[in-house]
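Following: one structure in structure tokens, then a few remarks.
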């Protein structure tokens, strides 16, 4: 690509600052909607780079929008930066050790790297726009609380992404490649039953058991599973069982349900059937039922046009070279962070998927073609809601050794490694170079938008109703 060297130089010029930003956010380890120091750090860094920063988007104090440039297309990068609870971990150690500070949180999903990589991408595209004024605008969206608060759902629903023509995101992990797969859509619902307490021996006929209602709902949903699509998942947890006294007819209960399916439309078809089961349980027990739609996520729609452009940028830039010291670190971490049967399973899995040679330097460095029409990944992400309103490409970069699972201390411990830093910077370069392609060839933007319109029918039905706002304090 014509601007490969420009982008590479632009990111390398700022590499020390980008790495420092990532490492500071690693140390902050702020959980969702509490990323105050992180958001301030980004705002300061972006303003110093000449971006116009708008903070507190959509009622979320730690959400922001930073813009540079003018004209079309508008290229967006979606940064995340929240940590996970109870994953406090020292960096670059091979055994789980709580961090020295009091903060119990940790970046077990690599969002310190994710956000900083998007920052790198924004800086790379900014350098291009400085040399080509008027050929586009770059926007970095700060999207807090991906893990629990799903800020992109609200930003998509409330029109904040409507300014974008193309969007990119990426994620740290143990694999390299452009995502051709989707994610699962879901909704999170609380069902509450209100009954009448009574003495369970002396006057049970006067009571109406809310716990019976919750249990009958569970039985009904178990029967329902036979009659929904096999790819769907319905799971639950009791949040209130009405107390601990068996000699009291329980007057209250609450059960928390998750409904997942490959498509948001499928979730929306299953949800009223689950509600009907809850209504039936209430009628059978003479109790009252209310429900609260707590949260929801749409499935991820990887856009073929944006993904192909991202793939071309990845192939052009390739994977960085690693020193012997970095290779030794990866080897030692792979073999020392697990033991016994866990290590044996990991070795067998890596060997079968990547070949025996991968065991010597267990970092994924291969660039494979995009694989389309794969089953949806079993997790969910609020990037899916963004992908319903703007054509989006999603990149995975291996910041951790093969076999590292997300949301673990092992992922957390690698969040400051030299390998993670290199791959984060490379992710930024890839996404910046992909952004340049759309500025240089605006007809690709129209192709991407046309594809999205065909895929969605031009409709986005947010799984969270308008009257429900971000759950800042939950």
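Numbering (the numbering used here), first residue to last: 1301 to 1774. Note that the Cβ used here is the ideal one computed from N, Cα and C, for glycine as well.
Query raised in the report: Hey, is the region 1680 to 1700 in contact with the region 1474 to 1490, meaning 3+ C-beta pairs nearer than 8 Å?
Result: yes
Requested in this report: Buried or exposed for residue 1506, please, with buried defined as at least 16 other CB atoms from any protein chain shown within 10 angstroms of its CB.
Outcome: exposed
Query raised in the report: Does the separation of the CB atoms of residue 1406 and residue 1681 fall below 8 Å?
Result: no
Query - Residues near residue 1399 by beta carbon distance below 7 Å, same chain, minus five either side - result: 1388, 1389 and 1390
Report task. Check whether the Cβ atoms of residue 1557 and residue 1538 sit closer than 8 Å, and answer yes or no. Result -> no
**Report entry** Proximal residues to residue 1611 (C-beta, below 7 Å), its chain only, five neighbours per side dropped
**Finding:** 1478 and 1670
Report task. Please decide whether residue 1416 counts as near chain B, where near means a Cβ-Cβ distance under 8 Å. Result -> Reference to chain B is not applicable here, since this structure consists of a single protein chain.
**Report entry** Close Cβ partners of residue 1714 (< 6 Å) along its chain, the five nearest in sequence each way excluded
**Finding:** 1700 and 1720
Query raised in the report: Nearest to residue 1372 by alpha carbon, out of 1437, 1728, 1534 and 1552?
Result: 1437
Query raised in the report: Rounded C-beta distance between residue 1331 and residue 1385? I'm assuming under 8 Å.
Result: 6 Å
Query raised in the report: Out of 1741, 1530 and 1553, which has the shortest C-alpha to C-alpha gap to residue 1516?
Result: 1553
Query raised in the report: Considering only the beta carbon of each residue, do residue 1468 and residue 1591 sit closer than 8 Å?
Result: no
**Report entry** alpha helix (DSSP H) runs contained entirely in the region 1582 to 1632, provided each spans 4 or more residues
**Finding:** 1604 to 1617
**Report entry** Contact check, residue 1635 vs residue 1643, beta carbons under 8 Å
**Finding:** yes
**Report entry** Length-filtered (3 minimum) beta strand (DSSP E) runs lying within the region 1489 to 1576
**Finding:** 1533 to 1540 and 1552 to 1561
Query raised in the report: In the structure shown, what three-state DSSP assignment does residue 1338 receive?
Result: helix
Query raised in the report: Thinking just about the alpha-carbon of each residue, which of 1392, 1583, 1570 and 1487 is nearest to the one in residue 1493?
Result: 1583
Query raised in the report: Among 1513, 1640 and 1545, which one has its Cα closest to the Cα of residue 1577?
Result: 1513
Query raised in the report: Looking at residue 1444 and residue 1358, is the spacing between their C-beta atoms short of 8 Å?
Result: no
Query raised in the report: Buried or exposed: residue 1657, going by 16 or more other Cβ atoms within 10 Å of its Cβ?
Result: exposed
Query raised in the report: residue 1619: which of 1412, 1728, 1674 and 1316 sits nearest, CA to CA?
Result: 1728
Query raised in the report: For residue 1765, which option in 1661, 1488 and 1738 has the closest C-alpha, if you only look at C-alpha atoms?
Result: 1488
**Report entry** Same chain, Cβ closer than 8 Å to residue 1319, five either side skipped, listed in chain order
**Finding:** 1416, 1721, 1724 and 1725
Query raised in the report: Would DSSP call residue 1403 helix, strand or coil?
Result: coil
Query raised in the report: Where does residue 1662 land, buried or exposed, given buried means 16+ other C-beta within 10 angstroms?
Result: buried
Report task. Enumerate in chain order the residues of its own chain whose CB-to-CB distance from residue 1364 is below 7 Å, with the five nearest sequence positions on each side excluded. Result -> 1339, 1342, 1343, 1353, 1354, 1355, 1357 and 1442
Query raised in the report: Looking at C-beta atoms only, is the number of pairs between the region 1456 to 1473 and the region 1516 to 1530 that lie closer than 8 Å three or more?
Result: no
Query - Buried versus exposed call for residue 1370 [16 or more other C-beta atoms within 10 Å across all chains shown] - result: exposed
Report task. Would you mind stating whether residue 1555 and residue 1463 have Cβ atoms separated by less than 8 Å? Result -> no
Query raised in the report: Under the rule that 16 or more other beta-carbon atoms within 10 Å means buried, what is residue 1602, buried or exposed?
Result: buried
Report task. Might you give, ordered along the chain, the residues of its own chain that have their beta carbon closer than 6 Å to the beta carbon of residue 1421, omitting 5 neighbours on each side? Result -> 1377, 1728, 1731 and 1732
Query - Which of helix, strand or coil DSSP assigns to residue 1707 - result: coil
Requested in this report: Take residue 1424 as the anchor and find which of 1709, 1498 and 1349 has the nearest alpha-carbon.
Outcome: 1349
Report task. Name the two residues that bound the continuous alpha helix (DSSP H) containing residue 1654. Result -> 1640 to 1654
Requested in this report: State the Cα-Cα distance for the pair residue 1684 and residue 1760, rounded to the nearest angstrom.
Outcome: 11 Å
Query raised in the report: Can you list, in chain order, the stretches of the beta strand (DSSP E) that have 3 or more residues and sit fully within the region 1425 to 1479?
Result: 1436 to 1442 and 1466 to 1473
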